[in-house]
Each structure stands twice: as C-alpha cells, then as structure tokens.
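Heads up: the sequence shown runs through residues 1 to 381, numbered per UniProt numbering. C-beta atoms are modelled at their ideal positions from N, C-alpha and C, and glycine is treated no differently. Predicted model only: the values in this text are computed from it and were never measured. Heads up: the structure comes next, in structure tokens.
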Amino acid sequence: MSPIRTVLIGLSANAATSWASSAHIPYLLSAHGRSRYTIIGLLNSSKESTLAAIKNFNLPAETRAYASPEEVAADPVIQLVVCCTRVDKHFETVFPSVKAGKDVFVEWPLAENAGLARELADAAKHAGGRTMIGLQGRVGPLTRELKRVIEDGRIGKILGSAVRLSGPLPERDVLPSSLEYFLHRSIGGNMLTITAAGHGFDLFQTVLGEAVDVTSHLQLQRPVNRLRDVSTGAITGTSKSDVPDLMILTARLTESPSVVHDASFLFHFRRDTQFPGEPNLVWTITGERGEIRVTNEATSWLHMGPAGITVDLHDFETGRVERVGWNAESWPEDPDTPGAAKNIGLLYERFATGGEYPTWEDAVRRHEQIDGLLAGWVAEA
C-alpha cells in the first residue's frame with residue numbers, strides 16, 4: 001500500500017506548545033512512519049511560517065506550502081489532513097476539508113465546545129470522510145494492560161475507583177505567557193478540558209466503563225495568575241482566569257461483568273502543585289479481591305509515554321503487593337521515540353491498518369460530558 005498523502009496544519013518550530021513537532025513528527029518522519037504516511041504539505045498561520053517549518057524539519061523541497069484551509073480542501077492529492085493548532089482554530093482550519101470529504105485527524109479537544117464538535121462530526125458523516133480524534137490514551141499499552149488485569153479477574157469485580165491529580169504546571173499561580181489562553185474558557189483549551197476532564201476522563205472510563213449520575217463541584221481558587229516569559233524567566237504581567245482550577249466529582253460506574261452494581265467513582269483535580277514528595281497522580285481501582293494503584297511521579301497524565309508511571313497490585317488474600325509490568329509491548333519504530341509520540345504513533349498505526357481508533361463521535365460524547373460538568377458554573381466577576 002502506498003503511503004497516505006498527508007498535510008499537517010500547525011507544524012511550527014515556535015508554537016506555544018509545539019505539539020505537532022513533539023508528538024507527530026517523530027513518528028511521521030521515522031522509517032516506519034514514512035512507510036505508512038508521506039507529508040506532502042503544511043499549512044500555518046502565514047506562508048513565511050510554513051516555509052520556515054519546511055526548512056526547520058528538513059522536509060523535501062517539493063513539500064507544498066498551502067496558503068489557506070480552502071486551498072488544502074481543494075487539493076485532490078491530499079488523503080489525510082492532520083490538525084495540531086490551538087483549539088479555537090480547529091473548526092475553521094479543518095471544516096473546508098471535512099466538507100470536501102477528506103479524512104481528518106484533529107488533536108483533542110475537537111472544538112471549543114460540544115456544539116461545534118457536533119457540527120464537525122455531522123459534517124464529516126454527511127461528506128463521508130473518516131475522522132480520528134487525538135484521545136490516544138485509550139489505545140496505549142497502559143490502558144490495555146489495566147483492562148486485561150481487570151478482565152482476567154485478578155482483583156474481582158470493581159467496587160469503586162478514585163483519582164487524585166495535581167498540576168501539571170510546576171508553579172501554582174504562574175503560567176508561561178505563551179499559554180495565557182489556558183485562563184480563558186472561551187478558547188476551549190485549558191488544564192481542565194485538555195488534561196483532567198479530557199484525556200484523563202477518557203482513559204479512566206476506557207478502563208472502568210462509562211461514569212453515570214455525575215455531579216461536580218467547581219471552584220476557582222486562584223483567579224489571578226502571573227505570566228512568565230520562559231526565555232528570560234521574568235514575570236511579565238498578570239491575567240485573570242475564568243476557568244475552574246479545582247474539580248471534585250462523584251459518579252457511579254456502569255454495571256458490567258467487571259463492575260458491581262452501584263460502584264463509585266471519585267475524582268479530585270486541582271491545578272496546583274502536589275504536596276512535596278507525593279505523586280502528581282494517584283489512581284486506585286478497588287475490587288472484591290484486590291486493588292490496583294497507578295501513580296505518576298513525573299506528570300499529571302497517563303495518556304503519553306511511560307515516564308514516571310508505575311502500576312502495583314495488592315492481593316487481599318495473600319497480602320502481597322506486586323509491580324505490574326505494562327511497558328513491555330513495543331511502540332511503533334523504536335524505544336527512543338519520545339514519550340509524547342508513542343501513543344500518537346499507535347493512533348496513526350491503527351488508522352493506516354484498519355484498526356480501531358477514536359472517532360469524532362467519541363469526541364462529541366466526551367465534549368458533552370465536559371460541558372455538562374461545567375454547565376451553570378460562572379467565575380465571579
């Protein structure tokens with residue numbers, strides 16, 4: 001099969017989060033990735049930025065520098081459009097390609113809110129193109145190993161589960177100035193929607209089953225945040241937030257062969273630094289015969305690479321605690337692939353080979369869940 005002809009939107013050497021370069025390019029430009037995909041063009045905010053990215057990432061001289069989303073949509077050579085821009089640019093940059101019937105891969109979140117996400121998903125369904133959303137945690141080896149342990153009955157049926165996570169930024173009231181938009185709810189991309197209630201909820205529910213009867217308590221503990229220039233280290237100003245920085249959630253897990261009736265799910269997130277010496281993330285899954293404990297000492301998420309993540313299983317009958325090996329399965333390419341690119345590479349693999357991957361319908365369900373959690377909450381003026 002010939003490599004899938006691909007265009008990247010948002011590959012920039014100086015983007016605020018550099019997600020395309022850290023999570024997509026390592027796979028796409030690897031020997032294995034090149035056998036599946038070929039980058040034939042880029043689209044950035046300006047022609048100059050696009051040409052600079054082509055040079056910076058040593059792409060072939062014939063790589064096309066597109067001037068607009070409409071130009072991308074009109075090119076019949078393109079088979080896959082990949083969007084890695086800021087969330088509030090997703091809709092406008094991919095909608096023309098969606099209407100043209102192209103296959104489109106968009107990073108999570110799909111759009112600023114559930115309404116726009118549904119509009120994109122409906123348009124794609126009508127036009128006939130395939131869709132993929134960057135909820136890569138659900139296809140990673142950690143998720144699959146946890147599901148295997150549970151389905152094998154090693155802890156019995158699940159009685160309940162609890163998550164506590166902090167961060168992920170290193171300073172409790174400081175953001176890089178380039179990420180000030182994380183403080184503005186209208187943008188749609190922030191620590192709550194991207195990390196905690198986005199990638200986090202999706203991975204937890206992929207393992208445990210869907211949460212129902214969800215109730216949440218939201219608070220904005222630090223409404224004013226300082227902004228730091230990462231190049232100089234200097235504080236450049238302040239910005240007021242209208243995004244909750246604390247969420248406490250209670251819910252029930254859907255009954256299944258692995259989950260008892262009325263099993264509980266508890267979730268506590270704060271966009272604050274963890275207590276010294278404590279992990280950023282602790283997730284327990286309590287069963288009838290044992291308990292799983294997942295921790296991350298390095299970051300507040302589980303959907304990327306293996307750094308900092310450990311899984312332990314406590315057998316109630318024997319009293320033994322054993323370390324569960326989950327990272328033995330090889331990712332595409334080689335073990336030196338950066339952590340951020342590992343599970344993204346698995347998404348690309350599944351898309352290219354006809355495997356199962358998360359679609360925009362999955363994204364809409366997660367968007368609707370998040371919008372429901374935030375419904376009615378307004379930051380104090």
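Item	Value
By how many angstroms is the C-alpha of G153 removed from the C-alpha of I187?	43 Å
In terms of residues, what are the limits of the alpha helix (DSSP H) holding L203?	F201 to L208
Helix, strand or coil, according to DSSP, for L159 in the structure here?	strand
Go to D88, then tell me how far its beta strand (DSSP E) extends in each direction, as first and last residue.	Careful: D88 lies outside any beta strand (DSSP E) and carries neither H nor E.
Alpha carbon to alpha carbon, what distance is there between I309 and E297?	7 Å
Can you have a look at M1 and say buried or exposed, based on whether 16 or more other CB atoms are within 10 angstroms of its CB?	exposed
In chain order, which continuous runs of the alpha helix (DSSP H) of length 4 or greater are located wholly inside the UniProt domain "Gal80p-like C-terminal" (141 to 295)?	141 to 151 and 201 to 208
To the nearest whole angstrom, what separates the beta carbons of A363 and L110, a pair I think is in contact under 8 Å?	4 Å
Using only CA atoms, which one of L120, N44, L29 and N343 lies nearest to A13?	N44
By the 10 Å Cβ neighbour count, where 16 or more other Cβ atoms means buried, how is P257 classified, buried or exposed?	exposed
Between D245 and A379, which are expected to be in contact by the criterion C-beta below 8 Å, what is the C-beta distance as a whole number of angstroms?	Not really, about 10 Å apart at Cβ, beyond 8 Å.
Have a look at V321, H184 and S68 and flag the residue whose alpha-carbon is nearest the alpha-carbon of S46.	S68
So for G41, helix, strand or coil by DSSP?	strand
What did DSSP end up calling G115 once you bin it into helix, strand or coil?	helix
Since I believe L183 is in contact with L192 (beta carbons under 8 Å), could you give me their beta-carbon distance rounded to a whole number of angstroms?	The pair is not a contact, with the Cβ atoms about 11 Å apart (cut-off 8 Å).
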